[in-house]
Amino acid sequence: MIESKPVRVRFAPSPTGYLHVGGARTAIYNYLFAKAAGATFYLRIEDTDRKRYNEDALNDLLRDLKWLGLDWDEGPYFQSERLEIYGKAAQQLIDSGKAYYCFCTEERLQTLEHGYDRHCRDLPLDEAQKRIEAGEKFVIRFKSPPDGITKFNDLIRGEIETPNKDLDDLVLLKRDKFPTYHLASVVDDHYMQTSHVLRGDEWISSTPKHVLLYNAFGWEVPFFCHLPVILAPGGGKLSKRKGAASVGDFRDLGYLPHALVNFLSLLGWSPGDDREVMSLEEMIKAFSLERIHPKAVAFDEKKLEWMNGMHIRLLPDSFFAEELKKLYPNETDEGKFLKVAALLKPRLKFTNELLAMSKYFFERPEKCEDGKAYAKYWTEQSPEHIGLVSKELEKIEDFNIKNIEAAFMKVCEDSEVKLGSLAQPVRLAISGVGAGPGLWEILECLGKDECIFRLRRVN
RNA sequence: GCCCUCAUCGUCUAGAGGUUAGGACAUGGGACUUUCAAUCCCAGAACAGGGGUUCAAUUCCCCUUGAGGGUACCA
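Residue 359 in numbering that gives the first Met the number 0 is what sits at position 360 of the first sequence, and the numbering runs on without skipping anything.
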């Protein structure tokens, strides 16, 4: 085994758009890997493209990462603040003859069919210097070796070899003096002592060029691990058009951050046993790069929904009681929050359903007009039965579930109607909606007086 | 075009040179039941195709096909 430097990883997004789930998963794997190794996870902002830079995107990114709970230990470092470092690095390669100035215009480049033709590669340095002094614009290109083979070991794919003849002379420093991704990421990963580069697999093709760059600088090459892409359910790119695609979308939809993290972590990785619903600690403990597999994966929102439900049910009732408290600041009965939370939690799929589902516990629903809404239930019995129920409920001294149920049973027996066709109209009268927790529980929670008030409104 | 990567139920996955190919989501059915959920039980459902290697391949190798990526002074 190669002696390796201490583990140190980073998430290095480009602030050009919202944080999509693919980027989030890259961050998650870096995070899990770092925590599993007791190592540092730092954040680096790759803002070297001035045209696509977007300040809102940056703010969203930071917010979304925090929301997911992926706290970084260091950073964020901004590449735009490190221009001098990249300039020096590029100069270093010029000096050692491993890079060169290129004066080709955009127009000339566009006439080329198969990439750059190395037109300026052999320009004498002093001539280049003169042209620069004369004010000519230039870029700095890497002098890629013309032959030989470049290898690197991808931690989940094994060895990948590329003939150097397939590699082009990539631009290191752009016309605007900003570095390209290739230069900036190599320089930063070196100086920031990154041990493992976990990034999207769109970088596989560029990695040999990066390896060559490390070599040209005489730097140690980090470990590479390229993560497969996340595809839309039917295949193809995940996009807003095909549904939610960004972390923000899922937050707005009412997903729990941890459910998203858990689900995303399982897209391309598994702990090796049958566990799926896991805490962060469990994930960290079970995580290893070897168990990431290389296949592109489809995003199945149905399973995310299920997982969200599982995590909702894992949360204590008090969590939802607190949420309810925020929703109904005027409610004075503190105990009611916990009661309602307990009733609603098992049937919650999204956290933002809480408001709609809890409304009738805290606010009287609109009065239903003369039983019209109940029409379909009036087949077996009539609105008078509602009155019978309220009379029976009124007699109860200790208004608890047991006694409430007994009251209903009595009405059923006395008037020979089925419980089903009695309970449902009462539910509508009480809650205004046809679905929800057990009726006895609802009634008990609302209290005798309120129940009778609501029932009386019906007839 | 050229280069690279990938391929187990519809989806996420486990798996090993010899397994009844396991689990989860989804689907269908059932139980529970005052509704809707939740929960529990059952069922159907996969090794892309073709060549090798081998006593034996879904597993190792090659090809094809399909999917994805790269081929930017974007990342």
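Virtual Cβ for every residue (Gly too), placed ideally from N, Cα, C.
Unbroken alpha helix (DSSP H) run spanning residue i, endpoints
i, result
"residue 130", "124-132"
"residue 160", "Residue 160 -> not in any alpha helix (DSSP H); beta strand (DSSP E) instead, spanning 157-162."
"residue 311", "300-313"
"residue 27", "20-35"
"residue 453", "447-455"
"residue 353", "353-361"
"residue 210", "206-216"
"residue 349", "Element bounds for residue 349: n/a, residue is neither H nor E."
"residue 182", "180-190"
"residue 137", "Segment: none, residue 137 is in no alpha helix (DSSP H) and carries neither H nor E."
"residue 333", "333-343"
Residue i versus the options, residue with shortest Cα-Cα distance
i, options, result
"residue 307", "105, 136, 81 and 345", "345"
"residue 227", "253, 254, 427 and 155", "155"
"residue 436", "352, 282, 341 and 99", "341"
"residue 223", "456, 6 and 139", "6"
"residue 173", "201, 100, 220 and 159", "100"
"residue 200", "329, 89 and 293", "293"
"residue 147", "127, 97, 207 and 124", "207"
"residue 102", "87, 123 and 91", "123"
"residue 460", "38, 22 and 450", "There is simply no residue 460 to check, as the chain begins at 0 and stops at 458 in what is shown."
"residue 443", "120, 213, 427 and 395", "395"
"residue 60", "247, 229 and 389", "247"
"residue 311", "295, 414, 348 and 80", "348"
"residue 193", "178, 58, 237 and 221", "221"
"residue 269", "331, 286 and 69", "286"
"residue 210", "231, 182 and 110", "182"
"residue 89", "262, 180, 418 and 284", "180"
"residue 169", "205, 415 and 160", "205"
"residue 165", "145, 403 and 73", "145"
"residue 14", "64, 35 and 39", "64"
"residue 388", "422, 252 and 195", "422"
"residue 38", "131, 71, 55 and 48", "71"
"residue 236", "252, 295, 265 and 158", "295"
"residue 432", "357, 403 and 393", "357"
Buried versus exposed, by CB contacts within 10 Å (16 or more), residue i
i, result
"residue 95", "exposed"
"residue 44", "buried"
"residue 325", "exposed"
"residue 19", "buried"
"residue 113", "exposed"
"residue 104", "exposed"
"residue 271", "exposed"
"residue 317", "exposed"
"residue 424", "buried"
"residue 233", "exposed"
"residue 78", "buried"
"residue 277", "buried"
"residue 455", "exposed"
"residue 446", "exposed"
"residue 368", "Low per-residue confidence applies at residue 368: pLDDT is 46, beneath 50, and the placement is therefore not dependable, though the value from the model is reported in the following sentence. The residue in question, residue 368, is exposed, as its Cβ has fewer than 16 Cβ neighbours within 10 Å."
"residue 315", "exposed"
"residue 46", "buried"
"residue 465", "The question about residue 465 has no answer here: the residues shown for the chain are numbered 0 through 458."
"residue 290", "exposed"
"residue 242", "exposed"
"residue 267", "buried"
"residue 134", "exposed"
"residue 108", "exposed"
Host beta strand (DSSP E) of residue i (start-end)
i, result
"residue 74", "73-77"
"residue 151", "148-153"
"residue 195", "195-199"
"residue 319", "Per DSSP, residue 319 belongs to no beta strand (DSSP E); it is in the alpha helix (DSSP H), 316-326."
"residue 8", "7-10"
"residue 172", "170-172"
For residue j and residue i, believed in contact at Cβ under 8 Å, the rounded distance
i, j, result
"residue 41", "residue 191", "7 Å"
"residue 28", "residue 197", "5 Å"
"residue 66", "residue 250", "6 Å"
"residue 171", "residue 141", "5 Å"
"residue 320", "residue 336", "4 Å"
"residue 245", "residue 17", "4 Å"
"residue 434", "residue 457", "Going by Cβ atoms, the distance from residue 434 to residue 457 rounds to 19 Å, so no, they are not a contact pair."
Inset, instruction - Entirely within the region 375-443 and at least 3 residues each: give me those beta strand (DSSP E) ranges in chain order. - result: Scanning the region 375-443 from its first residue to its last, no whole beta strand (DSSP E) run of 3-plus residues comes out.
Inset, instruction - Starting from the N-terminal side, write out each stretch of the beta strand (DSSP E) that is 3 residues or longer and does not extend beyond the region 42-110. - result: 73-77 and 98-101
Legend entry - Runs of beta strand (DSSP E) wholly within the region 221-301 (minimum 3 residues, chain order): 222-226
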